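The next block holds one structure in the form of C-alpha cells; read it before the comments.
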Amino acid sequence: MTANNTEASRRTPTQKRSKERYELVVNTAKQLIGERGNDSVSMREIAKQANIPISSIYQYFPDKNAILEAIMQSYFEEIRQGLRHFVDCCQCREDLKKGIIQGIDLFYATFKQEPTLAILWAGLQANPKLKELDAQDSRENAGLLTDKLCCFSKNSSSNEIYNAVLLLLHSAGMTVRLALDMEPAQADRFIDEYKALALLRLDALP
Numbered sequence: 002m003t004a005n006n007t008e009a010s011r012r013t014p015t016q017k018r019s020k021e022r023y024e025l026v027v028n029t030a031k032q033l034i035g036e037r038g039n040d041s042v043s044m045r046e047i048a049k050q051a052n053i054p055i056s057s058i059y060q061y062f063p064d065k066n067a068i069l070e071a072i073m074q075s076y077f078e079e080i081r082q083g084l085r086h087f088v089d090c091c092q093c094r095e096d097l098k099k100g101i102i103q104g105i106d107l108f109y110a111t112f113k114q115e116p117t118l119a120i121l122w123a124g125l126q127a128n129p130k131l132k133e134l135d136a137q138d139s140r141e142n143a144g145l146l147t148d149k150l151c152c153f154s155k156n157s158s159s160n161e162i163y164n165a166v167l168l169l170l171h172s173a174g175m176t177v178r179l180a181l182d183m184e185p186a187q188a189d190r191f192i193d194e195y196k197a198l199a200l201l202r203l204d205a206l207p
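With the numbering used here as the guide, the letters of the sequence shown map in order to residues 2 to 207.
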C-alpha cells in the first residue's frame with residue numbers, strides 16, 4: 002500500500018466480515034461511478050445502494066475520492082502484476098517489443114470490454130490529487146520495462162529508455178480513451194497508428 006493509500010483509507014479490514022463490507026462498498030461505488038461519473042455520486046447514495054449505514058463507509062474511507070482511489074489502485078496493481086510476469090518471461094529485445102504491442106491491444110480490449118473503466122479513469126484525471134496516481138503508475142511501469150530493456154540495449158542510456166517508455170505508456174491511456182469515442186473501424190486504425198509509432202520509437206533505441 003502506498004502512502005496515498007494509507008492516507009486515503011481510515012483502516013484496512015482484517016476480519017472476513019469487515020473485508021466483505023469493504024469490498025461491497027468498493028464494488029457498489031465502482032458500479033455507480035462507472036454508470037454516472039464521480040461527480041454525480043454521493044457517499045449517501047453508495048451507502049443506500051449497498052444497503053449499509055453510511056457510518057460503515059466512513060470506517061474505511063474518509064471521502065468518495067478515497068473510494069475511487071481504492072478502485073483504481075486495484076486496476077493498477079492487476080496491470081502491474083501482469084507486466085511483471087511478462088517482463089520475467091522476455092528472453093530478448095524482440096520478445097519485449099512484441100509484448101509491448103500486444104499489451105497495447107490488451108489494454109484497449111480491456112476498456113472496450115469494461116466501458117465503466119473509462120468513466121472511472123476520467124474521474125481520476127479530473128481530480129488533481131488523484132491524477133498523480135495515474136502518473137505514478139506510469140512511472141512504476143516504465144521503470145519495470147526500462148530495467149528489462151537495458152539488459153538488451155547495452156549502448157543506450159537508461160534515462161533515454163526510461164523517458165521513451167514513460168511517454169509511450171502514459172500516452173497509451175489517453176490514446177485508448179480517445180479511440181473509445183470513435184467509430185469502431187476508425188478506432189482500430191487509430192490504435193494501429195499508435196502501435197506503429199511505438200514500434201518506431203522502440204526500434205530507434207540503440
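A virtual CB, placed ideally from N, CA and C, is assigned to each residue, including glycine. Since we're looking at a predicted model, the values are computed, not measured.
Exercise. So what's G144 in DSSP terms, helix, strand or just coil?
Worked result: In the sequence shown, the residue the question calls residue 144 occupies position 143. Three-state result, G144: helix.
For this session: Check Y61 in the structure and name its three-state DSSP category.
Result: Your numbering for residue 61 matches position 60 in the sequence shown. Reduced to three states, the DSSP call for Y61 is coil.
Exercise. Can you tell me the Cα-Cα spacing of F62 and S172, whole angstroms?
Worked result: For the purposes of this step, residue 62 is taken as the residue at position 61 of the sequence shown. For the purposes of this step, residue 172 is taken as the residue at position 171 of the sequence shown. Take the alpha-carbon of F62 and the one of S172: they are about 31 Å apart.
For this session: Compute the distance between the beta-carbons of E70 and L131, then report whether it is under 7 Å.
Result: On the sequence shown, position 69 is the one that residue 70 refers to. On the sequence shown, position 130 is the one that residue 131 refers to. Remark: C-beta atoms of E70 and L131 approach each other more closely than 7 Å.
Exercise. Using DSSP with H/G/I as helix, E/B as strand and the rest coil, what is D40?
Worked result: Taking the first residue of the sequence shown as 1, we reach residue 40 at position 39. In the structure shown, D40 sits in a helix (DSSP, three-state: H, G or I).
Exercise. What's the C-alpha gap between N28 and D138?
Worked result: Numbered from 1 along the sequence shown, position 27 holds the residue referred to as residue 28. Numbered from 1 along the sequence shown, position 137 holds the residue referred to as residue 138. Their Cα atoms are separated by approximately 22 Å.
For this session: Could you tell me how far apart the beta carbons of L181 and A119 are, in whole angstroms, since I believe they sit closer than 8 Å?
Result: Residue 181 sits at position 180 when you count from the first residue of the sequence shown. Residue 119 sits at position 118 when you count from the first residue of the sequence shown. In this structure L181 touches A119 by the C-beta definition: roughly 6 Å separates them, less than 8 Å.
Problem set entry | Buried versus exposed, by CB contacts within 10 Å (16 or more), C219 | Past the boundaries of the shown model lies residue 219; the chain is included only from 2 to 207, so the question cannot be answered.
For this session: Given a cut-off of 7 Å, decide if V177 and A112 are closer than it, judged by their beta-carbon atoms.
Result: In the sequence shown, residue 112 corresponds to position 111, counting from 1. In the sequence shown, residue 177 corresponds to position 176, counting from 1. Residue identity check: residue 112 is Phe in the sequence provided, not Ala. Result yes, Cβ atoms of F112 and V177 sit closer than 7 Å.
For this session: Could you pull out every residue in the same chain whose Cβ sits closer than 6 Å to the Cβ of Y195, ignoring the five residues on either side in sequence?
Result: For the purposes of this step, residue 195 is taken as residue 194 along the sequence shown, with counting starting at 1. Cβ within range, chain order: T176.
Problem set entry | Identity of the residue in K31, P185, L201 nearest A110 by Cα | Position 109 of the sequence shown, counted from the start, is the residue given in the question as residue 110. Distance check between A110 and each of K31, P185, L201 places P185 closest, using alpha-carbon atoms only.
For this session: Give a yes or no on whether the C-beta atoms belonging to I58 and M73 are separated by under 7 Å.
Result: Working through the sequence shown from its first residue, we reach residue 58 at position 57. Working through the sequence shown from its first residue, we reach residue 73 at position 72. The Cβ-Cβ distance between I58 and M73 does not fall below 7 Å.
For this session: Would you tell me roughly how many angstroms separate the C-alpha atoms of S19 and D135, rounded to the nearest one?
Result: By one-based count along the sequence shown, residue 19 stands at place 18. By one-based count along the sequence shown, residue 135 stands at place 134. Going from the Cα of S19 to the Cα of D135 covers about 28 Å.
Exercise. Since I105 and L203 are thought to touch, with beta carbons under 8 Å apart, how far apart are those beta carbons, to the nearest angstrom?
Worked result: Residue mapping note: residue 105 aligns to position 104 of the sequence shown, counting from 1. Residue mapping note: residue 203 aligns to position 202 of the sequence shown, counting from 1. In fact, because the Cβ distance is near 12 Å, the residues do not count as touching under 8 Å.
Exercise. Can you tell me where the alpha helix (DSSP H) with S172 in it begins and where it stops?
Worked result: Counting from one through the sequence shown, the residue named residue 172 turns up at place 171. Start and end: 159-180.
For this session: Locate the alpha helix (DSSP H) running through I192, then write down its first and last residues.
Result: Walking along the sequence shown from the start, residue 192 turns up at place 191. First-last of the alpha helix (DSSP H) with I192: 185-205.
Exercise. Distance, Cα to Cα, P116 vs F108?
Worked result: The count along the sequence shown starts at 1 and reaches residue 116 at position 115. The count along the sequence shown starts at 1 and reaches residue 108 at position 107. About 12 Å.
Problem set entry | K31 burial status per 10 Å Cβ neighbour count (16 or more: buried) | The residue given as residue 31 occupies position 30 in the sequence shown. Under the 10 Å beta carbon count, K31 is surrounded by 16 or more other beta carbons and is classified as buried.
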